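Participant:
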Amino acid sequence: MAALLGSAVVLKGLSRAELNDARGHAVSYDESTGRVGVRLASGRCVAVRLANLSLLVGSEAVDLSTTREARLHAAADDLNELLDGEPLDALRAHLAQRAARPGCAPSPRARLAGGAAALVEAVGGEGGEAVAAEACLALAKLAGRGARGKEAVIAAGGAAALAAAAGGRAGGAAWRALASVANGGEACKRAVVEAGVARRAADAARRGEDRGVLRLCCATLANLANGEACSGALVEAGAAAAVVGVMKRFPGEAELIGDACLALANLASHKQGGGAESVCEADGVAMVVKAVRALGESSPKVRHWGSAALVNLASNNGECKEAVIESGGVGAAVHLLQICPCGEAEAQKMAAGVLTHISSSGEAGRHEVTATGGVAAATKCMSTADDVPLIEECMRAVASMVFASDEDFRTSAIPAVLENILLRFPTEPRVQDMGRALLTRLGR
């Protein structure tokens, strides 16, 4: 129960109706009565049963029964277990001193109480920079333990504390924790955004020089962009332009560029809220194309997330499709089809998807796919591929040209490749249907 202390809560179900919906913070727990002491925003303190509390996660009130509380905070409650084996001596000493009786020396075997709330307090408390940095690392470890750990960090007010620490000397450790928390569910993402992290991450990306911190800032933005709940906040913060700025300043840093491509890929996946358009407006398509051309052959991460960014834009609205064509995105997709090794079927499938979406968008798109050798690349890819979804996507890319273009493909390699695929995959219904339809179209 100690991990609940410090959490934001809202009262409910009380007979004194004027207290219902009042907000405050849990400040104490009386085991003998089972009541939680809550200091309300007005300054008044009340003691209520756990059943009369909801936990505030961001702006969302979450039901908090005994079972729920145990599930939510169990991951954070045992600090001894969490810190075991970690080189966090300053934090461990700080927490032991906090647990000691007044005037007594801390015991080396003392149980470190307080859970996530104690760690959050250490981030912004008076323990010093070393304690704050190690507390951030401990919160990052807790958040890395899955949904329960992330929720515990948020419930303890961790988003705001980590956001404040991100601007100081504990910045790297704080960003590590924020990136992990931002990878949680929508409630975690909203809490992180409400703490101002989207803007802080974008600002840090614009002016930062430390490669490690920049990677974490890009990862935080990417995780917030994984889903459309935070799209508006990311657009307002200028996330796409900040990430593109990182790519321009550090064009040869493959790991950093890969993380930047991931952030742009997630923003480009937004169908609403302006995320995809912000990538185009920030010259993001051109930077992804440049990254694929310069680093694609040596970096699996750039290949994968570059393909993801391009296919997300190519499958979006007309403005995004046009940006892909004008910025050389189709040629980059063809390049990816050619350089991806056999074990990267997902990246190849996304690259083929770019050709499918662009060639289906109209005459200009089909012309670009033809001019860049897209049909030949997709045909060659499916001739050697063993991954059925990849073969199906290559077939769709070829079909989008064969069925809509006036070009005569009968003398190309396509018919022979299709006949071979039909022999290789006799029990795959979609492969058989698409292959036979294409052969019929080609007069075979």
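The C-terminal position of the sequence shown is numbered 443 in my numbering, with every residue numbered one higher than the one before it. Beta carbons: idealized from backbone N, C-alpha and C, even for Gly. Remember, predicted model here, so these are calculated numbers, not experimental data.
(1) In whole angstroms, what separates the C-alpha of Ala239 from that of Val287?
(2) Keeping to the same chain, check which residues put their C-beta closer than 6 Å to that of Ala89; ignore five residues upstream and five downstream.
(3) When we look at the beta-carbon of Glu120 and count the other beta-carbons within 10 Å, is it buried (16 or more) or exposed?
(4) Classify His24 as helix, strand or coil using the three-state DSSP reduction.
(5) Work out the CA separation of Arg97 and Pro166 for me, nearest whole Å.
(6) Excluding five sequence neighbours on each side, which residues of the same chain lie with their C-beta closer than 6 Å to the C-beta of Ala73?
(7) Can you tell me whether Asp385 is helix, strand or coil according to DSSP?
(8) Would you list, in sequence order, the uninterrupted alpha helix (DSSP H) runs of no fewer than 4 residues that lie entirely inside the stretch 103-152?
(9) Using the Cα positions of Arg70 and Ala25, report the straight-line distance between them to the nearest angstrom.
(10) What do you reckon, are the CB atoms on Val301 and Cys260 nearer than 8 Å?
(11) Can you give the Cα-Cα distance for Val152 and Ala60, rounded to whole angstroms?
(12) Relative to the C-alpha of Met349, which candidate in Ser382, Ala154, Ala396 has its C-alpha closest?
(13) Quick one: grab the DSSP three-state call for Gly372.
(14) For Arg365, which three-state DSSP category applies?
(15) Distance, Cα to Cα, Glu325 vs Glu318?
(16) Hey, how far is the Cα of Arg91 from the Cα of Leu177?
(17) What is the DSSP secondary structure of Leu39, counted as helix, strand or coil?
(18) So, for Arg48: in the same chain, excluding its five sequence neighbours on each side, which residues have a beta-carbon less than 7 Å away from its beta-carbon?
(19) Under the three-state reduction of DSSP, which class applies to Asp432: helix, strand or coil?
(20) Pick helix, strand or coil for Ser411, following the three-state DSSP scheme.
(21) Could you tell me which residues DSSP pairs with Val47 in its beta bridges?
Facilitator: Taking the structure as given:
(1) Taking the sequence shown and counting its residues from 1, the one referred to as residue 239 is at position 240. Taking the sequence shown and counting its residues from 1, the one referred to as residue 287 is at position 288. So the two alpha carbons sit approximately 12 Å from each other.
(2) Residue numbering aside, residue 89 sits at position 90 when the sequence shown is read from its first letter. Around Ala89: Ala129, Val130, Glu133.
(3) For this step, residue 120 is matched to residue 121 along the sequence shown. Glu120 comes out buried.
(4) Here the question's residue 24 lines up with position 25 in the sequence shown. Here His24 sits in strand by DSSP.
(5) Sequence index remark: in the sequence shown, residue 166 carries index 167 (1-based). Sequence index remark: in the sequence shown, residue 97 carries index 98 (1-based). Per the sequence shown, residue 166 should be read as Gly rather than Pro. Each residue's alpha carbon lies about 26 Å from the other.
(6) Position 74 of the sequence shown, counted from the first residue, corresponds to residue 73. Unreliable positioning characterises Ala73 in this predicted model, as indicated by a pLDDT of 43, which lies under 50. A coordinate reading is not provided.
(7) For the purposes of this step, residue 385 is taken as the residue at position 386 of the sequence shown. Here Asp385 sits in coil by DSSP.
(8) 114-123, 128-142
(9) Taking the sequence shown and counting its residues from 1, one reaches residue 70 at position 71. Taking the sequence shown and counting its residues from 1, one reaches residue 25 at position 26. Any reading at Arg70 must be qualified, since the residue scores a pLDDT of 44, below 50, and its modelled position is unreliable; the value itself is stated next. For Arg70 and Ala25, the distance between alpha carbons rounds to 18 Å.
(10) Within the sequence shown, the letter at position 302 stands for residue 301. Within the sequence shown, the letter at position 261 stands for residue 260. It is a contact, given that the beta carbons lie within the stated cut-off.
(11) Looking up residue 152 in the sequence shown gives position 153. Looking up residue 60 in the sequence shown gives position 61. Taking the straight line joining both Cα atoms gives about 16 Å.
(12) Looking up residue 349 in the sequence shown gives position 350. Met349 has its Cα closest to that of Ala396, out of Ser382, Ala154, Ala396.
(13) To locate residue 372, count along the sequence shown from 1; it is residue 373. Correct three-state label for Gly372: coil.
(14) The residue labelled residue 365 in the question sits at position 366 within the sequence shown. Three-state result, Arg365: helix.
(15) By 1-based counting over the sequence shown, the position of residue 325 is 326. By 1-based counting over the sequence shown, the position of residue 318 is 319. So the alpha carbons of these two residues sit roughly 11 Å apart.
(16) As a working note, residue 91 is residue 92 in the sequence shown. As a working note, residue 177 is residue 178 in the sequence shown. Taking the straight line from one Cα to the other gives about 21 Å.
(17) As a working mapping, residue 39 is identified with position 40 in the sequence shown. Three-state DSSP puts Leu39 in a strand.
(18) The residue given as residue 48 occupies position 49 in the sequence shown. Correct list, in chain order: Gly33, Arg34.
(19) In the sequence shown, counting from the first residue as 1, residue 432 sits at position 433. Three-state result, Asp432: helix.
(20) Your numbering for residue 411 matches position 412 in the sequence shown. Three-state result, Ser411: coil.
(21) Here residue 47 refers to the residue found at position 48 when the sequence shown is read from its first residue. For Val47, which the question treats as bridged, DSSP gives the partners Val35.
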